[in-house]
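Numbering (the numbering used here), first residue to last: 454 to 722. See below for the structure under consideration.
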């Protein structure tokens, strides 16, 4: 389909024709689902697709902005043993592809069960999706590639110390220098650096409770982040309300505070 042509036993409408038969051997293998936001990660996002197994499912979401694919990526995709699907977002509206990916994730989880789910994107907006399904007991992660290659830690090699040979000055020069007054400077003591306080965080359980309470508040992903920051960095209900006031208007602050203050008081007893 589109630029990713692969015979994967699928019709033009991306529906699976053959129903896979699970044997005793395949039941031992973990089933993983990878949803790739290709417009966001491009070829770097499908790194490692050729290392996946028959138990894995990869769904690549792409739009009209994608005009070409690196030949190496095409080889990796077509040679992968995983089940590959390609879904094209026909329109170019803001977040159009993101909403399709999110909706299709719910559709797949309604039809099948997976041991692990991976959203392949650099877009932190998908963290709201991760928070939601984590709260439902699913193992779900957002990362920037199918296989993340960790960079080796840089090692600092010790440079050989330079050696200096002291030159002996003529006798008259040594006499002149010895007569000069010697200036002694006291070494300045360095002030110890004050360790930076760790950034306050919100647990997945707290996020799930707040999202449940804020269902009718019509908040987007950045709004939820503001609520989390205010929740984690406040030590009293008045401080919590003040920080919400700085992030939202009066009406929205009142709405958020009213439904989350009980959660705040419970966690800050």
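We put the beta carbon where it would ideally sit given N, CA and C, even for glycine. Nothing here was measured: the structure is a model prediction, and the numbers come from that model.
Alpha helix (DSSP H) segment containing residue i, residue limits
| i | result |
| --- | --- |
| residue 484 | No alpha helix (DSSP H) holds residue 484; DSSP gives it neither H nor E. |
| residue 585 | 580 to 588 |
| residue 684 | 674 to 686 |
| residue 700 | 690 to 700 |
| residue 654 | Premise fails: residue 654 is in no alpha helix (DSSP H) and is neither H nor E. |
| residue 506 | Per DSSP, residue 506 belongs to no alpha helix (DSSP H) and is neither H nor E. |
| residue 703 | 703 to 720 |
| residue 552 | 549 to 564 |
| residue 529 | 524 to 532 |
Short Cβ contact (8 Å threshold) for residue i with residue j
| i | j | result |
| --- | --- | --- |
| residue 490 | residue 533 | no |
| residue 597 | residue 494 | yes |
| residue 505 | residue 535 | yes |
| residue 488 | residue 573 | yes |
| residue 567 | residue 486 | yes |
| residue 657 | residue 587 | yes |
| residue 664 | residue 571 | no |
| residue 708 | residue 666 | no |
Identity of the residue in the options nearest residue i by Cα
| i | options | result |
| --- | --- | --- |
| residue 718 | 675, 705, 662 | 662 |
| residue 449 | 566, 553, 601 | There is simply no residue 449 to check, as the chain begins at 454 and stops at 722 in what is shown. |
| residue 517 | 659, 550, 701 | 550 |
| residue 697 | 673, 706, 500 | 706 |
| residue 500 | 531, 484, 519, 508 | 531 |
Neighbourhood of residue i by C-beta distance below 7 Å, restricted to the same chain and skipping five residues each side
| i | result |
| --- | --- |
| residue 655 | 681, 684, 685 |
| residue 492 | 515, 516, 518, 519, 550 |
| residue 526 | 496, 499 |
Identified DSSP bridge partners for residue i
| i | result |
| --- | --- |
| residue 595 | 572 |
| residue 516 | 542 |
| residue 511 | 487, 537 |
Extent of the continuous beta strand (DSSP E) run through residue i
| i | result |
| --- | --- |
| residue 542 | 536 to 542 |
Contact set for residue i: own chain, Cβ-Cβ below 6 Å, skip 5 residues either direction
| i | result |
| --- | --- |
| residue 679 | 700 |
| residue 475 | Residue confidence is low: residue 475 scores 39 on pLDDT, short of 50, so the model does not pin down where it sits. Its coordinate-derived value is still stated next. Nothing listed; no residue qualifies. |
| residue 472 | Confidence in residue 472 is poor, its pLDDT being 36 and thus under 50, which makes the residue's placement unreliable; the coordinate value appears in the next sentence. So no residue of the chain qualifies. |
Own chain, CB closer than 8 Å to residue i, minus 5 neighbours either side, in chain order
| i | result |
| --- | --- |
| residue 693 | 683, 684, 687, 710, 714, 717 |
| residue 593 | 569, 570, 571, 572, 582, 583, 586, 587 |
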